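Everything on this sheet refers to the single structure shown next.
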Amino acid sequence: MQDRPNRDLSKSNAQFRRAVKRLPLGVSSTFRYWGDDRTVYVHHGKGGRTWDIDGNGYVDYRLGYGPAILGYADDRVDAAARKGMEVGGVFALSTEKELIVADRIAKMVPAAELVRFSNSGTEAVMAALRLARAFTGREEYLLVEGGYHGLFDAAMWMADMEGWTPGSNADPDVVPYGKGIPPTVKKLAHLVPMNDMQRLEDTFRKHGDRLAAMLIEPIQGNCCAIMARVEYVRLARELCDRYGVMLIIDEVKTGFRVGKGGIQGILGVKPDITTFAKAVANGYPIALVAGREDVMRTFRYGGASHGGTYTAHSVSLAAAEECLRILDETPALETLANHGTQLMAGISAILNARGIVHSYSGHPSMFGLFFDAAPPDNYRAWKASDYSFYDRMAHYLHDLGIIVEPDSREPWFMCEAHGLDATCLTDTLAAVERAVDLTL
Ligand code: PMP
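Next comes the structure, spelled out in structure tokens:
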């Protein structure tokens, strides 16, 4: 048995005790609270690493849940953002750069015929659903179990696994993500399990004529990177066409990460509407609703409302222009995916040497790690799996200077800077080896 690593968090803990008096849970997003004595306060990040206020350094595979695609404080994007500051922020008027960025997006993602800017993933998905409803004149919509589309009432419904028996053919109850979400909204939402073609057909047969949209993350970025099979997404496309339903592919996490053209480019499936956020501007707040021209033109006076004081902010827009240029014109995405491939191979070598059965899901740029021979292919299967080894290992990894989400639902995210700094790989693998032995 090795000694437990001893990470000093005394300054973070003292900060927590002060912060909790003014900020609920001492944080500004509930998911940042990891316990009274484990909540980390960041001093700064640079490249693929983060340092906390105690001076502990981490190789960071959370990357703010994905946005830092190039790495924290990227000099190229930050220089562009500084120029954007000189423009003046927001004007309640438009700037020329909006078209420049929209043109780049349309070039990278052919389904993004027209583009509207939003500030966050939540806002973009809200706008996408409203757009689908306005275009179709319908209210109901379909969500995939295990998906996450942001913190707004319509998207906050999940399959309740507590009272559900693994392997049962009955559908689990649908429950809200916490309190404050009106049960009335639930009447409009339908949930289907990922990759179950029969269920999908049955659901469309039953409700298809009343559906405005089907929302899907083909790599579930909030559920261990569970992947949709290509036949499943193709069937979704076909059924949406047959029933006049808008297919919304939520690429908030996969967009400009898994490839220049997103997961839709890899699968070869064209959605009616796509949402992007995260990697668009290396962490500056910006998001996009994009899609088919006839659908997008529903954003008009007398059509679907869309706007916002901060949309297309000059700083975020300048950062987006530079970030997308880098992603489009340089090998940044290959560099970060190569790091992911090497990391998976290195972790596998450590686990194989100890006879630990495991598998991966997702893409080398954002992967989920499972302690089972094959990754689950839907949320029900993940819920029924044993993820306790992962959760314990994640705690040791934190203590050893590697930041991953404390539970296995959040994939490991790669950035270009990880790939450019060879010590990220060696430091991570050394820590993984030790964490695995501590967990065993
Ligand atoms: N959709 C997906 C697929 C996401 O992963 C997220 C955020 N994790 C959102 C929407 C919401 O984005 P935001 O947190 O920027 O509101």
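Counting from 1, position 336 in the sequence shown corresponds to residue 336 in the UniProt record's numbering; the numbering is continuous, with no gaps. Yeah, the Cβ is synthetic: ideal placement off N, Cα and C, and Gly gets one too. Please read all numbers here as calculations on a predicted model, not as lab measurements.
Asked                                                                                               : Found
Ser118, enclosing beta strand (DSSP E) - first and last residue                                     : 114-118
Contact set for Val261: own chain, Cβ-Cβ below 8 Å, skip 5 residues either direction                : Rather than Val, the amino acid found at residue 261 in this sequence is Gly. Cβ within range, chain order: Met108, Val109, Pro110.
DSSP three-state assignment for Thr311, whether helix, strand or coil                               : coil
CA nearest to the CA of Cys240, picked from Ala213, Val27, Thr426                                   : Ala213
Beta carbon nearer than 6 Å to a non-hydrogen atom of the ligand PMP                                : Tyr65, Ser120, Gly121, Thr122, Val125, Tyr148, His149, Gly150, Glu217, Gly221, Asn222, Asp250, Val252, Lys253, Ala277
DSSP beta-bridge partners of Ile216                                                                 : Ile249
Simplified DSSP state of Trp34, which is helix, strand or coil                                      : coil
Cβ-Cβ distance between Cys224 and Gly368 below 8 Å                                                  : yes
Spatial distance of Val27 from Arg17 (CA atoms)                                                     : 11 Å
C-beta atoms of Ala106 and Val115 nearer than 8 Å                                                   : yes
C-alpha gap between Met1 and Thr439, whole angstroms                                                : Low confidence applies to Met1: its pLDDT is 48, below 50, so where it sits in the model is not reliable enough to give any reading.
8 Å Cβ cutoff met for Ser314 and Gly146                                                             : no
Selected residue, minimal CA-CA separation from Ile273, among Phe31, Thr136, Ile403, Asn282         : Thr136
7 Å CB neighbourhood of Met344 in its chain, flanking five on each side removed                     : Tyr360, Pro364, Phe367
Three-state secondary structure (DSSP) of Leu9                                                      : coil
Cα-Cα separation between Val101 and Leu317, rounded to whole angstroms                              : 7 Å
Residues near Ala407 in its chain [Cβ-Cβ closer than 6 Å; skip 5 each side]                         : First, the amino acid is wrong: residue 407 is Asp here, not Ala. Only Asp391 meet the Cβ criterion.
Backbone CA spacing between Arg434 and Arg354 [nearest angstrom]                                    : 12 Å
Endpoints, beta strand (DSSP E) assigned at Lys107                                                  : Lys107 -> not in any beta strand (DSSP E); alpha helix (DSSP H) instead, spanning 97-108.
Short Cβ contact (8 Å threshold) for Pro271 with Ile286                                             : no
Cβ shell of Phe276 (< 6 Å), same chain only, five flanking positions each side left out             : Glu251, Gly255, Leu288
Assigned exposure category for Ala312 - 16 Cβ within 10 Å defines buried                            : buried
Neighbourhood of Met85 by C-beta, 6 Å cutoff - its chain only, sequence neighbours within 5 removed : Val315
For His363, the residue or residues it bridges with in DSSP                                         : Met366
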